[in-house]
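Protein chains in written order, with my numbering: chain X, 1 to 186; chain D, 1001 to 1186.
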DNA sequence: TCTACCATGTAATCTGTTACATGATTGC
DNA sequence: GCAATCATGTAACAGATTACATGGTAGA
């Protein structure tokens, strides 16, 4: 249900079409939500059927490809969005990360390969940090919620980078028998 | 596929039954992965069918409930696990958080309700931090990967707590017209 | 010519979650 | 008697991902 409400939220700022919504979510909320067309268009359809959004305009100014359907939020949509906004979140945050899941078991594998994979992550997070800082620079205004979330994304990125370098260092200099450590904790 | 490999990884430490696997994942990897019985048992079944695990023993020492099926990893399982371990992760980390998604739109809602929801999160993260620190204290050993991941979880928790308090403060003292800030960024 | 980007959409598949069914024991 | 914990499992549903289909323009 979260995606529907994210779409409703975005349409409160501006009328938008599907492609733009995806772009916007990726740029501004990319660190906490991902989305793809397989979700966007069916959800727009269903929001439309429920009367929460309507087609405000068929934008023909697009030169490339098919015409854009500009969606607008309706009164019912605004009401539904407000209701959702003041509710407590249904679930807690989780850091679902295929790299970290691997990392936990690096004691069983090849140390040099592990270090390679860490380096790969470092490169990735460094690249991402530049993008996030660039996106954040477009946001200013005291107390702005979007700016605050964007800052959290950057701080998190920096934390992970620092952690990765520490982890690499420890792996290179203090590699012990991992299995013993964990067996005790089971 | 990640869950299957997480199970294979755990079985390298020790033979385990389904219930224990869930408990272990929640305690040690709870901050980066969640799991439920609807995934555990079907995945154990399928790993068994693929020959990656086998039933080592029917543990009858359990006094409560049905007998435990103690699973052990096979040679093929170890091979498959090693193959997976040295691969680059398929995807990047995302922070999927229903609270943050709401937070982004707090400018459209009631400020006092927003502050209530922030306080709720602060309580939640404080509680979680205590649990994580307790779990981490059982892990020691230089260069231990499990310990490092557990530390990342704690550092992340502390970062979010600090951020929440800052966000609350900014909302109380510098609440501006949010819509303007974002419209510019679109 | 080929790639990248713009734009909409559907279908198949995979994953994940919730709820249910079963049933024994321990402690309040 | 009731709730909590241990223990295994299935079914229905919800959510997410990938691949496909279509087709136009801009630029290298």
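Just so you know, even glycine gets a beta-carbon here, dropped at the ideal spot from N, CA and C.
Counting only runs that start and end inside the segment 1099-1137 of chain D, the alpha helix (DSSP H) elements of at least 4 residues fall at 1111-1137.
At a cut-off of 9 Å between beta-carbon atoms, residue 1058(D) makes no contact with chain X.
At a cut-off of 4 residues, the continuous stretches assigned as alpha helix (DSSP H) that sit fully inside the segment 68-104 of chain X are 75-85, 98-104. When only Cα atoms are considered, residue 1123(D) and residue 3(X) end up about 26 Å apart. The beta-carbon separation of residue 1145(D) and residue 106(X), rounded to 5 Å, stays under the 8 Å limit for a contact. The Cβ-Cβ distance between residue 1081(D) and residue 1039(D) does not fall below 9 Å.
Among the residues of the segment 85-96 of chain X, those with a Cβ less than 9 Å away from any Cβ of chain D are 85, 86, 87, 88, 89, 90, 91, 92, 93, 94, 95, 96, in the order of the chain.
Approximately 6 Å separates the beta-carbon atoms of residue 135(X) and residue 27(X); this is inside 8 Å, confirming the contact. The residue among 72(X), 49(X), 46(X), 109(X) with its C-alpha nearest the C-alpha of residue 55(X) is 72(X).
What residue 1012(D) touches in chain X, judged by beta-carbon distance under 7 Å, is 108, going in chain order.
The Cβ-Cβ distance between residue 5(X) and residue 85(X) falls below 9 Å. Residue 1032(D) is not bridged by DSSP to any residue. Excluding sequence positions up to five before and after residue 121(X), its CB lies within less than 6 Å of the CB of 99, 164, all in the same chain and listed in chain order. If you draw a straight line from the Cα of residue 110(X) to the Cα of residue 161(X), it comes to about 22 Å. Each residue's CA atom was taken as its position, placing residue 150(X) and residue 1097(D) some 14 Å apart. Taking 9 Å as the threshold, the shortest C-beta distance from residue 1072(D) to chain X does not fall below it.
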